[in-house]
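A.B. asks:
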Amino acid sequence: MSETTRPTPKRPCPICKSTPQTGEFAPFCSSRCRDKDLNRWFNDGYALPGRAADPEEIAREED
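Quick note: the sequence shown uses numbering that gives the first Met the number 0, first residue 0, plus one each step.
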């Protein structure tokens, strides 16, 4: 039985939503969009839902 390869679907860049992604910067379309995403991570632009941090709990962890 021979394996058939399916072409990967063209998906838009997750940052600018307009330009298709390229192999070099996948899943982004360019280094600009890739850097924009990294900046969002560094500046807490993305967050996971959860309970708020308790300042006393944070202080205990730092000791």
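For every residue, glycine included, the Cβ atom is placed at its ideal position computed from N, Cα and C.
1) Taking the beta carbon of C15 as the centre, do at least 16 other beta carbons fall within 10 Å, making it buried, or is it exposed?
2) Can you give me the C-alpha to C-alpha distance between Y45 and R39, rounded to a whole angstrom?
3) Measure the Cβ-Cβ separation of R10 and Q20 and say whether it is below 8 Å.
4) Go through its chain and collect everything with a Cβ distance to S30's Cβ below 8 Å, but skip five positions before and after it.
5) Classify P26 as helix, strand or coil using the three-state DSSP reduction.
C.D. replies: Here's the rundown:
1) C15 is exposed by the Cβ-count criterion.
2) Each residue's alpha carbon lies about 6 Å from the other.
3) With contacts defined by Cβ atoms closer than 8 Å, R10 and Q20 form a contacting pair.
4) Contacts found: F24.
5) P26 falls in the coil class under three-state DSSP.
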